[in-house]
Amino acid sequence: MAKIAEVTSGNWTGLRGDVVKESKKLVYVRRPGGGMVPVNREHVIIAEPQPIALDPQMLTMTDGYVGSFGKTWETPTAETLEIAITGAMRENGMTREQVVEALVDGRALKWGVSPNYYYDHSDAIIGRKREARPVEMVRCDCGHSVPQDTRMMASLGTSCPDCYDRMSD
Ligand SMILES: [Zn+2]
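Residue numbers 583 to 751, in the working numbering, belong to the letters of the sequence shown in order.
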């Protein structure tokens with residue numbers, strides 16, 4: 583990964599781009615539109631790119647095999663994560679950094695095909711676990727609190743499922 587230069591003073595103030603090359607006095611910064619500009623070293627801050635942390639715990643993967651209960655999804659181990667990353671690089675023509683970035687962004691990536699592909703035509707996939715949203719509890723007119731999506735509208739007001747008959751007049 584290239585270092586990132588940020589120009590903080592001089593003619594190119596505000597320019598931010600990859601460091602293409604460096605000399606004692608100059609830093610050649612890639613311009614987002616293409617080409618590069620030499621900038622005096624004193625005008626530039628250079629940052630090392632930070633490796634993105636990829637926590638296997640936030641990921642889930644399947645080898646694509648379709649069994650009687652469908653595909654099996656598992657939290658990757660260090661070893662299976664490496665297999666999936668390498669596979670995703672190959673399948674998608676991506677660099678390791680691009681794969682890691684995509685996974686952190688929440689994109690799902692194909693990393694191979696099912697060992698039983700001839701029969702199930704299924705892909706091996708890795709992606710982010712869906713975050714379990716905290717269930718929002720709401721208080722109904724019947725006096726009980728229930729998860730929001732189970733609240734019912736009865737003629738006497740909002741109701742939990744248990745009280746629906748009583749609350750319907
Ligand atoms: Zn109730």
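We put the CB at the ideal spot given by N, CA and C, even for glycine.
Relative to ligand 1, the nearest heavy atom lies less than 7 Å away from the CB of residue 725. Cβ contact annotation for residue 647 (same chain, cutoff 6 Å, sequence separation greater than five): 696, 697, 698, in chain order.
In this structure, residue 713 sits away from residue 634, with a CB-CB distance that is not shorter than 8 Å. When the alpha-carbon of residue 709 is set against those of 751, 610, 612, 655, the nearest one is in 655. Short of 7 Å from the beta carbon of residue 711, and not among the five residues preceding or following it, lie these beta carbons of its own chain, in chain order: 640, 641, 642. Here the distance from the Cβ of residue 747 to the nearest heavy atom of ligand 1 is not below 7 Å. About 5 Å separates the CB atoms of residue 673 and residue 692; that is less than 8 Å, so the two are in contact.
Within the same chain, and ignoring the five residues on either side of residue 723 in sequence, the residues whose Cβ sits closer than 6 Å to its Cβ are 739, 740.
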